[in-house]
Amino acid sequence: MSGALAAAASTTSTGEAVQFWVLGTVAVIGALCTILMRKAVHSALSLAGTMIVLAVFYLANGAYFLGVVQIVVYTGAIMMLFLFVVMLVGVTAADSLKETLKGQRWLAALCGLGFGILLCAGIGNASLTTWNGLGQANSGGNVEGLATLVFTKYVFAFEITGALLITAAVGAMVLTHRERIERARSQREQSEERVRTGRNVPPLPAPGVYARHNAVDIPGLLPDGTTSELTVNATLRGRGQIRDVSGEALAELAALEQRSERWLGRKPKGAGGAANGRGANGTSANDAVNGADANGASADGKGADERSEDAESHKGAAK
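So the mapping is simple: our numbering equals the position in the sequence shown, first residue as 1, plus 1350.
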(Lines of atoms letter the chains of each structure in order from A and count residues from 1; the text may use other names and numbers.)
(Lines give C-alpha, C1' and ligand atoms only; values in the text may rest on other atoms or scores of the structure.)
Protein backbone atom coordinates (compact mmCIF):
# COMPACT_ATOMS: atom_id res chain seq x y z
CA MET A 1 0.00 0.00 0.00
CA SER A 2 2.81 2.39 0.88
CA GLY A 3 4.50 1.59 -2.42
CA ALA A 4 1.36 2.49 -4.34
CA LEU A 5 1.06 5.76 -2.44
CA ALA A 6 4.71 6.59 -3.10
CA ALA A 7 4.27 5.87 -6.80
CA ALA A 8 1.12 8.01 -6.94
CA ALA A 9 2.85 10.85 -5.11
CA SER A 10 5.83 10.82 -7.46
CA THR A 11 3.67 11.22 -10.57
CA THR A 12 1.85 14.39 -11.57
CA SER A 13 -0.96 14.70 -14.06
CA THR A 14 -0.92 17.23 -16.87
CA GLY A 15 -3.73 19.26 -15.32
CA GLU A 16 -1.94 19.50 -11.99
CA ALA A 17 1.29 20.57 -13.67
CA VAL A 18 -0.44 23.26 -15.75
CA GLN A 19 -2.31 24.53 -12.71
CA PHE A 20 0.84 24.68 -10.60
CA TRP A 21 3.01 26.49 -13.13
CA VAL A 22 0.33 28.98 -14.20
CA LEU A 23 -0.89 29.86 -10.72
CA GLY A 24 2.62 29.69 -9.27
CA THR A 25 3.82 32.23 -11.84
CA VAL A 26 0.90 34.52 -11.03
CA ALA A 27 1.60 34.21 -7.29
CA VAL A 28 5.30 35.04 -7.72
CA ILE A 29 4.53 38.03 -9.96
CA GLY A 30 1.98 39.31 -7.44
CA ALA A 31 4.48 38.94 -4.59
CA LEU A 32 7.15 40.83 -6.53
CA CYS A 33 4.68 43.59 -7.42
CA THR A 34 3.79 43.87 -3.73
CA ILE A 35 7.34 44.89 -2.80
CA LEU A 36 8.27 46.72 -6.01
CA MET A 37 5.21 48.90 -6.68
CA ARG A 38 5.62 52.57 -5.83
CA LYS A 39 1.98 53.14 -4.89
CA ALA A 40 0.64 51.53 -1.73
CA VAL A 41 -2.75 50.84 -3.30
CA HIS A 42 -1.17 48.85 -6.14
CA SER A 43 0.92 46.88 -3.64
CA ALA A 44 -2.17 46.01 -1.60
CA LEU A 45 -4.05 44.85 -4.71
CA SER A 46 -1.07 42.71 -5.77
CA LEU A 47 -0.96 41.09 -2.33
CA ALA A 48 -4.70 40.40 -2.53
CA GLY A 49 -4.17 38.65 -5.88
CA THR A 50 -1.38 36.51 -4.39
CA MET A 51 -3.64 35.48 -1.50
CA ILE A 52 -6.40 34.47 -3.91
CA VAL A 53 -3.94 32.23 -5.80
CA LEU A 54 -2.87 30.62 -2.52
CA ALA A 55 -6.52 29.93 -1.74
CA VAL A 56 -6.87 28.15 -5.09
CA PHE A 57 -3.85 25.99 -4.21
CA TYR A 58 -5.46 25.06 -0.89
CA LEU A 59 -8.71 24.12 -2.58
CA ALA A 60 -6.89 22.05 -5.20
CA ASN A 61 -5.09 20.08 -2.48
CA GLY A 62 -8.30 19.27 -0.63
CA ALA A 63 -7.88 21.83 2.17
CA TYR A 64 -11.29 23.37 1.64
CA PHE A 65 -11.48 25.01 5.04
CA LEU A 66 -8.12 26.75 4.58
CA GLY A 67 -9.10 27.87 1.09
CA VAL A 68 -12.35 29.43 2.26
CA VAL A 69 -10.66 31.07 5.25
CA GLN A 70 -7.91 32.43 3.00
CA ILE A 71 -10.49 34.15 0.78
CA VAL A 72 -13.04 35.24 3.38
CA VAL A 73 -10.75 36.29 6.23
CA TYR A 74 -7.46 37.33 4.66
CA THR A 75 -8.50 38.56 1.21
CA GLY A 76 -12.07 39.65 1.95
CA ALA A 77 -11.58 41.18 5.38
CA ILE A 78 -7.99 41.95 6.33
CA MET A 79 -6.68 42.93 2.90
CA MET A 80 -9.75 45.01 2.10
CA LEU A 81 -9.30 46.74 5.46
CA PHE A 82 -5.69 47.54 4.57
CA LEU A 83 -6.76 48.80 1.16
CA PHE A 84 -9.54 50.94 2.66
CA VAL A 85 -7.15 52.50 5.18
CA VAL A 86 -4.54 53.20 2.49
CA MET A 87 -7.10 54.82 0.17
CA LEU A 88 -8.67 56.79 3.03
CA VAL A 89 -5.43 58.10 4.52
CA GLY A 90 -3.40 58.19 1.31
CA VAL A 91 0.29 58.88 0.77
CA THR A 92 0.84 62.55 -0.05
CA ALA A 93 3.92 64.28 -1.35
CA ALA A 94 4.57 65.57 2.16
CA ASP A 95 5.30 62.03 3.40
CA SER A 96 9.01 61.27 3.38
CA LEU A 97 9.91 58.10 1.47
CA LYS A 98 13.65 58.32 2.14
CA GLU A 99 15.51 55.73 4.18
CA THR A 100 15.74 56.59 7.85
CA LEU A 101 18.37 53.90 8.49
CA LYS A 102 21.34 53.71 6.16
CA GLY A 103 21.88 50.31 4.60
CA GLN A 104 18.49 48.91 5.54
CA ARG A 105 17.81 47.77 1.98
CA TRP A 106 21.03 45.77 1.85
CA LEU A 107 20.24 44.29 5.25
CA ALA A 108 16.73 43.33 4.10
CA ALA A 109 18.17 41.73 0.94
CA LEU A 110 20.65 39.67 3.00
CA CYS A 111 17.91 38.55 5.38
CA GLY A 112 15.71 37.51 2.47
CA LEU A 113 18.57 35.62 0.84
CA GLY A 114 19.35 33.81 4.08
CA PHE A 115 15.70 32.89 4.57
CA GLY A 116 15.56 31.52 1.01
CA ILE A 117 18.68 29.40 1.59
CA LEU A 118 17.23 27.96 4.81
CA LEU A 119 13.94 27.22 3.09
CA CYS A 120 15.60 25.45 0.16
CA ALA A 121 17.89 23.48 2.48
CA GLY A 122 14.97 22.34 4.63
CA ILE A 123 12.93 21.20 1.64
CA GLY A 124 15.94 19.50 0.01
CA ASN A 125 16.91 17.53 3.11
CA ALA A 126 13.36 16.46 3.98
CA SER A 127 12.90 12.70 3.99
CA LEU A 128 9.45 11.18 3.68
CA THR A 129 9.43 7.59 4.82
CA THR A 130 5.67 7.14 4.97
CA TRP A 131 3.05 8.58 2.66
CA ASN A 132 -0.33 9.68 3.90
CA GLY A 133 -2.88 10.46 1.25
CA LEU A 134 -5.53 13.14 1.47
CA GLY A 135 -8.11 10.52 2.25
CA GLN A 136 -6.25 9.47 5.38
CA ALA A 137 -5.33 13.02 6.45
CA ASN A 138 -8.92 14.23 6.03
CA SER A 139 -10.60 11.04 7.18
CA GLY A 140 -12.60 12.91 9.84
CA GLY A 141 -12.97 16.04 7.74
CA ASN A 142 -10.63 18.85 6.78
CA VAL A 143 -11.52 20.96 9.83
CA GLU A 144 -10.89 18.09 12.24
CA GLY A 145 -7.60 17.18 10.59
CA LEU A 146 -6.41 20.79 10.71
CA ALA A 147 -7.43 21.16 14.36
CA THR A 148 -5.59 17.94 15.26
CA LEU A 149 -2.37 19.21 13.69
CA VAL A 150 -2.59 22.72 15.15
CA PHE A 151 -3.48 21.77 18.73
CA THR A 152 -1.38 18.61 19.07
CA LYS A 153 1.70 18.45 16.86
CA TYR A 154 2.20 22.20 16.30
CA VAL A 155 0.68 23.57 19.51
CA PHE A 156 3.99 25.13 20.61
CA ALA A 157 4.40 27.02 17.31
CA PHE A 158 0.74 28.06 17.50
CA GLU A 159 1.18 29.59 20.96
CA ILE A 160 4.38 31.40 19.94
CA THR A 161 2.62 32.86 16.90
CA GLY A 162 -0.24 34.08 19.10
CA ALA A 163 2.22 35.71 21.51
CA LEU A 164 3.98 37.45 18.61
CA LEU A 165 0.68 38.81 17.29
CA ILE A 166 -0.31 40.13 20.72
CA THR A 167 3.13 41.75 21.09
CA ALA A 168 2.76 43.40 17.69
CA ALA A 169 -0.69 44.75 18.60
CA VAL A 170 0.53 46.16 21.92
CA GLY A 171 3.60 47.67 20.22
CA ALA A 172 1.42 49.37 17.60
CA MET A 173 -0.74 50.88 20.35
CA VAL A 174 2.32 52.15 22.22
CA LEU A 175 3.94 53.64 19.11
CA THR A 176 0.78 55.41 17.93
CA HIS A 177 -0.06 56.86 21.36
CA ARG A 178 0.63 60.57 21.68
CA GLU A 179 0.66 62.51 24.91
CA ARG A 180 -1.28 65.77 25.04
CA ILE A 181 0.84 68.91 25.00
CA GLU A 182 -1.70 70.78 27.12
CA ARG A 183 -4.67 69.82 29.26
CA ALA A 184 -7.90 69.21 27.40
CA ARG A 185 -10.48 71.90 28.08
CA SER A 186 -13.84 70.87 29.46
CA GLN A 187 -17.15 71.73 27.81
CA ARG A 188 -17.88 74.29 30.51
CA GLU A 189 -14.58 76.10 29.87
CA GLN A 190 -15.22 76.16 26.13
CA SER A 191 -18.72 77.58 26.68
CA GLU A 192 -17.39 80.30 29.00
CA GLU A 193 -14.76 81.27 26.44
CA ARG A 194 -17.37 81.56 23.68
CA VAL A 195 -19.54 83.77 25.87
CA ARG A 196 -16.57 85.90 26.88
CA THR A 197 -15.40 86.49 23.30
CA GLY A 198 -18.90 86.72 21.82
CA ARG A 199 -18.10 84.32 18.98
CA ASN A 200 -20.37 81.38 18.12
CA VAL A 201 -22.20 81.41 21.44
CA PRO A 202 -25.00 79.08 20.24
CA PRO A 203 -24.15 75.87 18.39
CA LEU A 204 -23.50 76.31 14.69
CA PRO A 205 -26.27 75.15 12.35
CA ALA A 206 -25.79 72.02 10.34
CA PRO A 207 -24.67 72.23 6.68
CA GLY A 208 -27.40 72.86 4.14
CA VAL A 209 -30.06 75.54 3.75
CA TYR A 210 -33.32 74.60 5.43
CA ALA A 211 -36.14 73.53 3.07
CA ARG A 212 -33.93 73.92 -0.02
CA HIS A 213 -30.84 71.73 0.12
CA ASN A 214 -29.03 69.52 2.62
CA ALA A 215 -25.71 69.00 0.82
CA VAL A 216 -22.49 69.31 2.82
CA ASP A 217 -21.09 71.96 0.46
CA ILE A 218 -23.96 74.40 1.08
CA PRO A 219 -23.62 76.81 4.02
CA GLY A 220 -26.33 76.79 6.66
CA LEU A 221 -28.56 79.68 7.65
CA LEU A 222 -27.91 81.74 10.75
CA PRO A 223 -30.80 83.07 12.89
CA ASP A 224 -30.74 86.37 11.01
CA GLY A 225 -31.21 84.61 7.66
CA THR A 226 -27.65 85.01 6.40
CA THR A 227 -25.44 82.07 5.48
CA SER A 228 -22.37 81.06 7.47
CA GLU A 229 -19.38 79.40 5.80
CA LEU A 230 -18.40 77.96 9.18
CA THR A 231 -21.14 75.36 8.75
CA VAL A 232 -19.23 73.85 5.81
CA ASN A 233 -16.38 71.42 6.38
CA ALA A 234 -12.96 73.06 6.64
CA THR A 235 -11.61 70.88 3.83
CA LEU A 236 -14.33 72.03 1.44
CA ARG A 237 -13.81 75.63 2.51
CA GLY A 238 -10.10 75.35 1.78
CA ARG A 239 -10.85 73.98 -1.70
CA GLY A 240 -13.40 76.71 -2.38
CA GLN A 241 -16.18 74.15 -2.89
CA ILE A 242 -19.02 76.17 -1.39
CA ARG A 243 -22.23 76.25 -3.42
CA ASP A 244 -24.26 79.45 -3.63
CA VAL A 245 -28.01 78.87 -3.21
CA SER A 246 -29.13 82.42 -2.49
CA GLY A 247 -32.23 83.90 -4.09
CA GLU A 248 -30.14 85.86 -6.60
CA ALA A 249 -28.27 82.73 -7.65
CA LEU A 250 -31.53 80.79 -8.10
CA ALA A 251 -33.01 83.65 -10.13
CA GLU A 252 -29.93 83.74 -12.38
CA LEU A 253 -30.16 79.97 -12.81
CA ALA A 254 -33.83 80.19 -13.80
CA ALA A 255 -33.10 83.00 -16.27
CA LEU A 256 -30.26 80.96 -17.77
CA GLU A 257 -32.55 77.97 -18.20
CA GLN A 258 -35.17 80.13 -19.94
CA ARG A 259 -32.60 81.65 -22.30
CA SER A 260 -31.33 78.17 -23.11
CA GLU A 261 -34.85 76.96 -23.87
CA ARG A 262 -35.49 79.95 -26.16
CA TRP A 263 -32.15 79.45 -27.93
CA LEU A 264 -32.99 75.79 -28.52
CA GLY A 265 -36.41 76.75 -29.83
CA ARG A 266 -38.30 75.00 -27.07
CA LYS A 267 -41.21 76.23 -25.02
CA PRO A 268 -40.05 77.52 -21.63
CA LYS A 269 -40.96 75.15 -18.83
CA GLY A 270 -43.29 76.16 -16.03
CA ALA A 271 -42.46 76.64 -12.41
CA GLY A 272 -41.04 73.64 -10.58
CA GLY A 273 -37.90 72.19 -9.05
CA ALA A 274 -35.44 73.86 -6.73
CA ALA A 275 -34.87 76.89 -8.94
CA ASN A 276 -38.59 77.46 -9.69
CA GLY A 277 -40.07 76.66 -6.25
CA ARG A 278 -42.78 78.94 -4.92
CA GLY A 279 -42.07 81.44 -2.22
CA ALA A 280 -44.15 82.36 0.80
CA ASN A 281 -46.37 84.77 -1.19
CA GLY A 282 -47.44 82.05 -3.68
CA THR A 283 -45.52 83.54 -6.63
CA SER A 284 -43.19 81.24 -8.52
CA ALA A 285 -39.54 82.08 -8.99
CA ASN A 286 -40.10 81.86 -12.76
CA ASP A 287 -42.59 84.73 -12.65
CA ALA A 288 -40.25 86.68 -10.41
CA VAL A 289 -37.42 86.29 -12.89
CA ASN A 290 -39.65 87.31 -15.79
CA GLY A 291 -40.65 90.41 -13.85
CA ALA A 292 -37.04 91.20 -13.10
CA ASP A 293 -36.11 90.89 -16.79
CA ALA A 294 -38.97 93.19 -17.85
CA ASN A 295 -38.49 95.99 -15.34
CA GLY A 296 -34.79 95.60 -14.41
CA ALA A 297 -35.52 95.25 -10.68
CA SER A 298 -34.86 92.46 -8.18
CA ALA A 299 -37.48 89.72 -7.94
CA ASP A 300 -37.38 89.70 -4.16
CA GLY A 301 -37.86 93.48 -3.85
CA LYS A 302 -41.29 93.66 -5.47
CA GLY A 303 -44.70 93.16 -3.98
CA ALA A 304 -47.23 90.55 -5.02
CA ASP A 305 -49.24 92.99 -7.21
CA GLU A 306 -46.21 94.25 -9.13
CA ARG A 307 -45.00 90.72 -9.79
CA SER A 308 -48.35 89.59 -11.15
CA GLU A 309 -48.60 92.66 -13.44
CA ASP A 310 -45.07 92.13 -14.73
CA ALA A 311 -45.78 88.48 -15.36
CA GLU A 312 -48.96 89.28 -17.34
CA SER A 313 -47.23 91.97 -19.42
CA HIS A 314 -44.36 89.63 -20.13
CA LYS A 315 -46.69 86.86 -21.24
CA GLY A 316 -48.59 89.31 -23.47
CA ALA A 317 -45.37 90.47 -25.09
CA ALA A 318 -44.34 86.88 -25.65
CA LYS A 319 -47.66 86.15 -27.42
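Don't be surprised by glycine CBs; every beta carbon is placed ideally from N, CA and C.
Output yes or no for whether 9 Å exceeds the beta carbon distance between residue i and residue j.
| i | j | result |
| --- | --- | --- |
| ASP1574 | GLN1591 | no |
| ASN1492 | GLY1412 | yes |
| ALA1294 | THR1364 | Limits of the chain in this structure are 1351 at one end and 1669 at the other, which puts residue 1294 out of reach. |
| VAL1435 | GLY1417 | no |
| MET1437 | VAL1391 | yes |
| ALA1427 | THR1400 | no |
| LEU1586 | SER1578 | no |
Whose CA, out of the options, lies closest to the CA of residue i?
| i | options | result |
| --- | --- | --- |
| ILE1402 | VAL1422, GLY1466, ALA1390 | VAL1422 |
| PHE1415 | GLY1453, ALA1604, SER1477, ASN1488 | ASN1488 |
Between residue i and residue j, what straight-line distance do the alpha-carbon atoms span, to the nearest angstrom?
| i | j | result |
| --- | --- | --- |
| ARG1455 | PHE1501 | 38 Å |
| GLY1495 | GLU1366 | 23 Å |
| SER1393 | THR1384 | 4 Å |
| LEU1409 | PHE1432 | 25 Å |
| LEU1404 | GLN1369 | 12 Å |
| ARG1546 | SER1536 | 15 Å |
| LEU1395 | LEU1614 | 49 Å |
| MET1387 | LEU1600 | 49 Å |
| GLU1607 | ARG1593 | 18 Å |
| VAL1543 | ALA1534 | Reading off the sequence, residue 1543 comes out as Glu, not Val. Going by the C-alpha atoms only, they are around 14 Å apart. |
| GLY1597 | THR1576 | 11 Å |
| THR1375 | ALA1507 | 30 Å |
| LEU1451 | GLY1521 | 20 Å |
| THR1498 | TYR1504 | 9 Å |
| ARG1612 | VAL1582 | 36 Å |
| ARG1317 | HIS1527 | Outside the modelled stretch of the chain, which goes from 1351 to 1669, sits residue 1317, for which no answer is possible. |
| ILE1467 | VAL1378 | 17 Å |
| ILE1516 | SER1477 | 35 Å |
| LEU1525 | ALA1513 | 18 Å |
| ILE1510 | ARG1549 | 58 Å |
How would you label residue i, buried or exposed, when you count the other beta carbons within 10 angstroms and need 16 or more for buried?
| i | result |
| --- | --- |
| VAL1372 | exposed |
| GLN1420 | buried |
| ALA1458 | exposed |
| ALA1604 | buried |
Since residue i sits in a beta bridge, which residues does DSSP pair it with?
| i | result |
| --- | --- |
| THR1581 | DSSP lists no partner for THR1581. |
| GLY1570 | SER1578 |
Can you tell me whether residue i sits near the ligand MN, meaning its C-beta is under 8 Å from at least one heavy atom of the ligand?
| i | result |
| --- | --- |
| ILE1385 | Of the ligands one can find in the structure shown there are none, so the ligand MN has no counterpart to examine. |
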